[in-house]
Amino acid sequence: MHLFVDNLTNVDFSYLDHRRGLVGETWLANAVLDGALDEQGMVCDFGIVKKTLRNWLDDQLDHRLLVPTQSPHLTLARDGERVELHWQIAGGEHIRVSGPEQAFALVAAEAIDSDSVARWSVRQLAPAFPTSVEKLQLSFGCEEIADAYYHYSHGLKKHAGNCQRIAHGHRSRIRVFVDGARHGGWESKWAERWRDIYLGTREDLVTQGDQPELQFAYRAQQGDFALTIPARRCELLDCDTTVEQLAQYIAGQIAAEQPGARVEVRAYEGLGKGAIASAGKTAPAR
Numbered sequence: 001m002h003l004f005v006d007n008l009t010n011v012d013f014s015y016l017d018h019r020r021g022l023v024g025e026t027w028l029a030n031a032v033l034d035g036a037l038d039e040q041g042m043v044c045d046f047g048i049v050k051k052t053l054r055n056w057l058d059d060q061l062d063h064r065l066l067v068p069t070q071s072p073h074l075t076l077a078r079d080g081e082r083v084e085l086h087w088q089i090a091g092g093e094h095i096r097v098s099g100p101e102q103a104f105a106l107v108a109a110e111a112i113d114s115d116s117v118a119r120w121s122v123r124q125l126a127p128a129f130p131t132s133v134e135k136l137q138l139s140f141g142c143e144e145i146a147d148a149y150y151h152y153s154h155g156l157k158k159h160a161g162n163c164q165r166i167a168h169g170h171r172s173r174i175r176v177f178v179d180g181a182r183h184g185g186w187e188s189k190w191a192e193r194w195r196d197i198y199l200g201t202r203e204d205l206v207t208q209g210d211q212p213e214l215q216f217a218y219r220a221q222q223g224d225f226a227l228t229i230p231a232r233r234c235e236l237l238d239c240d241t242t243v244e245q246l247a248q249y250i251a252g253q254i255a256a257e258q259p260g261a262r263v264e265v266r267a268y269e270g271l272g273k274g275a276i277a278s279a280g281k282t283a284p285a286r
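In the working numbering, the protein residues as written are 1 to 286.
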């Protein structure tokens, strides 16, 4: 007998890729459980299935940096409850990240993709279900987005929750309206500009001047965090990188290039949530 749960939850995270570097991502999780019927006529109670899976995914994957521990491009060291890693990108560039262990998911795989993470997750989750469950299948997929979107990573040191982790991210839609009309050209430009980007807050910057690498560091409630990343894979902002500030930043940048126009930006943060901001000419009173 098979029990399935589609669109169980979504996870926002970043991962290390040899070609793309640091990638922000958002996945939807689906599950199938195989097993015999218990005395209630069930494989497993849906309440137990959803609670167990959601809690584990939220705790172990969401807002973490996923690291493929079997990759030849990784050097990793652990010092107590801290993790320090060095990642080699194709072409000779490097990324270095350090922080509390809870900010990372150390995935036993050569590369991070939906299949390798699903297999690793199942191995961790299997003991959490009753004996009536003989097999757990987990799959991850992306939201279907027909129009423009970008992948970004960031960290919010002032956040009281897991957003404070310096390298987590999202796969996000963007919608731009100029004088009330949808503007696909601007959407495409920002999707390309923020393709696999790290959005850094200038006050967290340690390096000075024109450097090929940028180093960020800060202390947050969960501990000390640091990240070094090639400058060309980063955009510096003079504000915190909350989705509210990002929407306002994009709107302001577009309005500066279109004087006299009214610009509205609908910026998403992962799946089904985000912020709306506007800039430029004040809309006429009605």
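Think of the CB as a built atom: it goes at the ideal place given N, C-alpha and C, for glycine as much as any other residue. Since we're looking at a predicted model, the values are computed, not measured.
Note on the stretch 87 to 157: whole alpha helix (DSSP H) runs with a minimum of 4 residues are 114 to 125, in chain order. Excluding five sequence positions before and after Asp17, the CB atoms of its chain that fall closer than 6 Å to its own CB belong to Val23, given in chain order. Between the alpha carbons of Ala267 and Ser121 lies a distance of about 30 Å. Nearest to Arg20 by alpha-carbon distance, out of Thr69, Ile89, Arg54 and Leu74, is Ile89. Annotated three-state conformation of Leu61 is coil, per DSSP. Listed in chain order, the non-local C-beta contacts of Glu264 below 6 Å within the same chain comprise Phe177 and Ser278, local neighbours out to five positions each way being set aside. For Ser278, the secondary structure class from DSSP, reduced to helix, strand or coil, is strand. Just so you know, the alpha carbons of Leu65 and Leu33 end up roughly 27 Å apart. Looking from the CA of Val97, the closest CA among Ser114, Gly91, Ala108 and Val83 belongs to Val83. Between the alpha carbons of Lys273 and Asn10 lies a distance of about 12 Å. In this structure, Glu235 and Leu205 do not form a Cβ contact; the two beta carbons are roughly 12 Å apart against a cut-off of 8 Å. Using a Cβ distance threshold of 8 Å, Thr69 and Leu76 count as a contacting pair. Secondary structure note for Leu76: its beta strand (DSSP E) is the uninterrupted segment Leu74 to Asp79. In the structure shown, the three-state DSSP call for Trp194 is coil. Contact check for Ala255 and Gly280: beta-carbon distance about 4 Å, within the 8 Å limit, so the pair qualifies. Within the same chain, Cβ atoms closer than 6 Å to the Cβ of Trp194 are found at Tyr150 and Tyr152, the five residues on either side in sequence being excluded. Between Glu244 and Ala220, the beta carbon gap of about 19 Å keeps them out of contact (Cβ cut-off 8 Å).
Counting along the chain, no beta strand (DSSP E) covers Leu271, and no H or E run does either. Note that the stretch 156 to 167 does not touch the stretch 107 to 117; fewer than 3 beta-carbon pairs, one per stretch, sit closer than 8 Å. When DSSP states are grouped into helix, strand and coil, Gln248 belongs to the helix group. Secondary structure of Ala255 (DSSP, three-state): helix. For Ala31, the secondary structure class from DSSP, reduced to helix, strand or coil, is strand. Contact annotation, Arg165 with His63: C-beta distance approximately 6 Å; criterion of less than 8 Å satisfied. When the beta-carbon positions are compared, Phe104 and Trp27 stay at least 8 Å from each other. Secondary structure of Thr52 (DSSP, three-state): helix.
Less than 8 Å separates the beta-carbon of Ala231 from that of Gln211. Looking at the DSSP output, Asp17 bridges to Gly21. In this structure, the CA atom of Arg171 is about 9 Å from the CA atom of Phe13.
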